[in-house]
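>
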Amino acid sequence: MEKFKVAVIGCGSIAQKRHLPEYQANPHVEIAAVCDVVESRAEEMAKKYGAKAFTDYGEVVKLDEVDAVSVCLPNYLHAPVTIESLNAGKHVLCEKPMAVSTE
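The letter at position 31 of the sequence shown is residue 42 when you use the numbering used here, and the numbering goes up by one with no holes.
1. Quick one: what's got a C-beta closer than 7 Å to serine 24's C-beta in the same chain, skipping five residues either side?
2. Closer than 8 Å is the cut-off here; do at least three beta carbon pairs connect the region 72-81 with the region 52-59?
3. Counting only beta-carbon separations shorter than 8 Å, does glutamate 13 have a partner in chain D?
4. Can you give me the C-alpha to C-alpha distance between valine 80 and serine 112, rounded to a whole angstrom?
5. Quick one: give me the first and last residue of the beta strand (DSSP E) that alanine 79 is part of.
6. Does the Cβ of serine 96 have 16 or more other Cβ atoms within 10 Å, making it buried, or fewer, making it exposed?
7. When you compare only the Cα positions, how much space is there between leucine 84 and methionine 12?
8. As an exercise, report each continuous beta strand (DSSP E) stretch of at least 3 residues that is fully enclosed by the region 65-108, in chain order.
9. Going by the DSSP bridge assignment, what does alanine 53 pair with across the sheet?
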C-alpha cells in the first residue's frame, strides 16, 4: 500500500511534540516535507524525520508528492496558509483557531 505523504508547515513546539512524532509512528504515513522560516530548524527536523526541508510554504503546497499538510504556525497565519493549501488541492490539518478574526 502506498503511504499518505504529509508536509508539516511550521516546526515549532506543537509540530515537534505532537504532529511529527505522531506521523512518524503511523505506518501509513510518510513525512515528505517540513517547512519553517528558521532554516536551521527546518533542516534539523528534515534530518530527524527523513524529509525535505523548506523555508517557503508556497513551495511546499505546490509539491505533487504531498497529499496533505499540517499547519502548525502562529494563529494569524492559519487561515491564509490553509486556504492556499486547499487551493493547491491538499488535504489540511490546521491547529486551532482557524483565524484570529471574522474579517
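C-beta: ideal position from N, C-alpha, C; glycine also. Keep in mind the model is a prediction, meaning the values are calculated, not measured.
Taking the coordinates as given:
1. Taken in chain order, the list of residues that qualify is empty.
2. Cβ pair count under 8 Å is below three, so no.
3. The chain inventory of the structure shown lacks chain D, comprising one protein chain alone.
4. The alpha-carbon of valine 80 is positioned some 23 Å away from that of serine 112.
5. Taken as a continuous stretch (DSSP letters only), the beta strand (DSSP E) holding alanine 79 covers 79-82.
6. Classified as buried, serine 96 has 16 or more neighbouring CB atoms from the shown chains inside 10 Å of its CB.
7. When rounded, the distance between both Cα atoms is 31 Å.
8. If we require 3 residues or more, the beta strand (DSSP E) runs fully inside the region 65-108 come out as 79-82, 102-105.
9. Among the bridge pairs identified by DSSP, alanine 53 is matched with none.
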